[in-house]
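J.:
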Ligand code: ARG
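In my numbering, the protein residues as written are 34 to 494.
1. With three or more C-beta pairs closer than 8 angstroms as the rule, is the region 86-102 touching the region 124-131?
2. Could you give the first and the last residue of the continuous beta strand (DSSP E) run that contains residue 184?
3. Go ahead and label residue 38 buried or exposed: buried means 16 or more other beta carbons lie within 10 angstroms of its beta carbon, across all protein chains shown.
4. Please classify residue 315 as buried or exposed, where buried requires at least 16 neighbouring CB atoms within 10 angstroms.
5. Under DSSP, the alpha helix (DSSP H) around residue 54 begins and ends at which residues?
6. Cα separation between residue 472 and residue 219?
7. Taking buried to mean at least 16 other C-beta atoms within 10 Å of its own C-beta, is residue 121 buried or exposed?
8. Where do the N-terminal and C-terminal ends of the alpha helix (DSSP H) with residue 204 fall, by residue?
9. Have a look at residue 197 and residue 317 and give me their C-alpha separation to the nearest angstrom.
10. For residue 85, which residues in the same chain have their Cβ closer than 8 angstroms to its Cβ, ignoring the five residues on either side in sequence?
11. Is it true that the CB of residue 139 sits closer than 8 angstroms to the CB of residue 561?
12. Between which two residues does the alpha helix (DSSP H) holding residue 120 run?
13. What residues match up with residue 21 in a beta bridge as DSSP calls it?
14. My parser needs the alpha helix (DSSP H) runs of 4 or more residues fully inside the region 337-395; what are they?
15. If you drop the 5 nearest sequence neighbours on each side, which residues of the same chain put their C-beta closer than 7 angstroms to that of residue 427?
16. So for residue 195, helix, strand or coil by DSSP?
17. Determine which residues share a DSSP beta bridge with residue 254 and list them.
18. Which two residues bound the contiguous alpha helix (DSSP H) that contains residue 422?
19. Mind checking residue 456: buried by the 16 CB within 10 Å criterion, or exposed?
20. Would you call the CB atoms of residue 224 and residue 270 closer than 8 angstroms?
21. Three or more C-beta pairs closer than 8 angstroms, one from the region 255-271 and one from the region 148-167: is that the case here?
22. Is it true that the CB of residue 52 sits closer than 8 angstroms to the CB of residue 117?
23. Between residue 489 and residue 170, is the Cβ-Cβ spacing less than 8 angstroms?
24. Label residue 237 either buried or exposed according to how many other C-beta atoms from any shown protein chain fall within 10 Å of its C-beta, with 16 as the threshold for buried.
25. Considering only the beta carbon of each residue, do residue 195 and residue 403 sit closer than 8 angstroms?
26. If contacts are defined as beta-carbon pairs under 8 angstroms, then residue 335 and residue 361 qualify, I think. What distance do you get, rounded to the angstrom?
27. With a threshold of 7 angstroms, establish whether the CB of residue 146 neighbours any heavy atom of the ligand ARG.
28. Taking DSSP as the reference, what is the three-state secondary structure of residue 146?
29. Do three or more CB pairs link the region 408-419 to the region 368-382 at distances below 8 angstroms?
30. Where DSSP assigns a beta bridge to residue 301, which residues make up the other side?
31. By the 10 Å Cβ neighbour count, where 16 or more other Cβ atoms means buried, how is residue 322 classified, buried or exposed?
32. Express the C-alpha separation of residue 66 and residue 102 in angstroms, rounding to a whole number.
33. What is the rounded straight-line gap between the Cα of residue 115 and the Cα of residue 36?
34. Could you give the DSSP three-state label for residue 37: helix, strand or coil?
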């Protein structure tokens, strides 16, 4: 069959053009959205008296047959058809004849692709959100077990103050919660139907865009058609949201890589989610978090790539915009599998509380507490800081942690220090001294945990 748009052409296009011009090899992923959109469009055309009921019915049956053919692998994808929209329309005409030629009334591929792609992105928003929820559930299960597990909290990757492991995991929960909120707000913003905008200027046919929007589950219809067929903000938003999500995943992955090293030993990744070395028999490698960290790169690339494609495009549709899809497909698929495997890696990993505690005893984590202790006894903070520095030097000299320095030695440094200092310097008391809202004290941590558990529960209702 000749190309559906070939009326004004006298020569066939070259095979090279077909190869270069086609989006079919990748936009075939949109077949479900395309068929759903066409069925809604045909129903609307019939409701408005543009098609007869019989014609709409025959179109719908034809489209359903095509969906089945695609699902059963029987559909022939011919690159000469250019894209999924033309491939399906051509097949429809083959199946039902002239009636099939009426489907494209009051429609253009410009609003059609805007619809299909938007439906895909909205569906992906939801799928990603539900995967993040599953991940958060696993993180909260870990947190529940570890509100009293002490580890060194760090800044500059240097031991800073004692915190608990639940508190650390709840920091990631906070990030993933914001991610969910970002995907959801993008969903709301973009949940408007483009169909009926046609090529760029609307259509002279008496279409009912609201009806189509309702059929497809949209909140409403877009306001300005020129914008609608030019707009790919919804695609940029999901790319940005995924890039940020992947950045969070990457930071957690980096910690898993560090923590599973011999030097830290804070966690042991399960054999199920670790790999071996082809030459060094003793090795167990954290390939999963490394790949998660690595894949973050492509999620940034996809975002920058589409921003660059769109920059400088005059209104309305330009073929450049066909470049919008592959990056989004890639980012969505990367995000979904990353969330799944991160969840499993966390669920199956062992937390080595003893190693965490041992590491907490290095680096004088309760030094700030000694300074605060002196301040409470009327010593100006600067002076207290200096005295504490001396105590730290003493501890280093003795080869012990500040929390283990004897009262005698502390008194030698400053005789305002009394016996009650010993409890202040203990790691657990140091951690639990920080019960300020959002702090690492065990009670405060439990409150945060409860906040996230309730938040997640409410979402499930
Ligand atoms: N395959 C095209 C794309 O993905 C569909 C829209 C084509 N529109 C057009 N006027 N050539 O962007």
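Note that the Cβ used here is the ideal one computed from N, Cα and C, for glycine as well.
T.: On the basis of the data shown:
1. yes
2. 183-188
3. exposed
4. exposed
5. 48-54
6. 31 angstroms
7. buried
8. 198-223
9. 27 angstroms
10. 79
11. Limits of the chain in this structure are 34 at one end and 494 at the other, which puts residue 561 out of reach.
12. 117-129
13. Outside the shown range of the chain (34 to 494) lies residue 21, about which nothing can therefore be said.
14. 358-381 and 386-393
15. 438, 442 and 446
16. strand
17. 226
18. 414-431
19. exposed
20. no
21. yes
22. no
23. yes
24. exposed
25. no
26. 7 angstroms
27. yes
28. helix
29. no
30. 383
31. buried
32. 15 angstroms
33. 9 angstroms
34. coil
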